[in-house]
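Engineer: In the working numbering, the protein residues as written are 3 to 144. Each residue gets a CB set at the ideal place from its N, CA and C atoms; glycine is no exception. Treat the numbers as computed from the prediction; the structure is a model and nothing was measured.
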Amino acid sequence: MDPETSDAVWEPLRQAATAALAHAYVPYSRFPVGAAARLEDGTIVSGCNVENASYGLTLCAECTMIGAARMCGGGLIREFYCVDGSGGILMPCGRCRQLLYEFSTADTRIMTSRGIKTMDQVLPDAFGPRDLDSAAAQTADP
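Written out as structure tokens, the structure is:
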């Protein structure tokens with residue numbers, strides 16, 4: 003069995019995302035979402051969606067998860083898992099894919115309904131911190 007796809011890697015993330023569902027605040031959509039990630043140092047962080055009567059202010063589970071990651075010292079995401087209220091795997095929305103990209107590495111892997119994919123596969127041709135670092139290095143060289 004490939005260690006990158008083993009239950010030892012993904013099951014703790016599935017459990018953390020599922021546990022986060024209990025904290026979701028979803029009085030409008032009634033659609034709880036839980037998210038979890040393993041950071042580079044091995045820390046697992048999770049988050050849930052938090053709705054707002056002003057719908058545009060709703061926080062996706064990925065947003066609260068990134069907040070938790072920053073509060074516990076940060077670190078980039080190694081693996082990511084997201085579930086709906088029945089425990090089914092969810093793919094992050096476009097906004098959240100960009101948010102995840104901001105805190106990812108070239109090797110970050112995401113569990114999807116079609117299997118494990120890299121961050122670059124779920125958000126191809128993304129623009130983010132790695133691009134800014136590259137652009138800054140190019141302008142610094144005479």
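Take D122 as the anchor and find which of A22, A38, L134 and T107 has the nearest alpha-carbon.
Structural biologist: Measuring from the Cα of D122, the nearest candidate turns out to be T107.
Engineer: In whole angstroms, give me the CA-to-CA distance for R63 and D135.
Structural biologist: The amino acid occupying residue 63 in the given sequence is Ala; Arg does not appear at that position. Distance between the alpha carbons of A63 and D135: 28 Å.
Engineer: What distance in whole Å lies between the Cβ atoms of L92 and A65, which are believed to be in contact at a cut-off of 8 Å?
Structural biologist: The sequence given here has Cys at residue 65, not Ala. Their Cβ separation, rounded to whole angstroms, is 14 Å, which puts C65 and L92 out of contact at 8 Å.
Engineer: Where I112 and A37 are concerned, what is the direct C-alpha to C-alpha distance, given to the nearest angstrom?
Structural biologist: Approximately 11 Å between the Cα atoms of the pair.
Engineer: Going by the beta-carbon positions, is the gap between V85 and N51 smaller than 8 Å?
Structural biologist: No, the Cβ-Cβ distance between V85 and N51 is not below 8 Å.
Engineer: The beta strand (DSSP E) that contains Y83, what's its start and end?
Structural biologist: Looking at the DSSP string, the run of the beta strand (DSSP E) that includes Y83 is I79 to D86.
Engineer: Scan the region 81-139 and note each continuous beta strand (DSSP E) run of 3 residues or more that stays entirely inside, going in chain order.
Structural biologist: Segments of the beta strand (DSSP E) lying fully in the region 81-139: 106-114 and 117-120.
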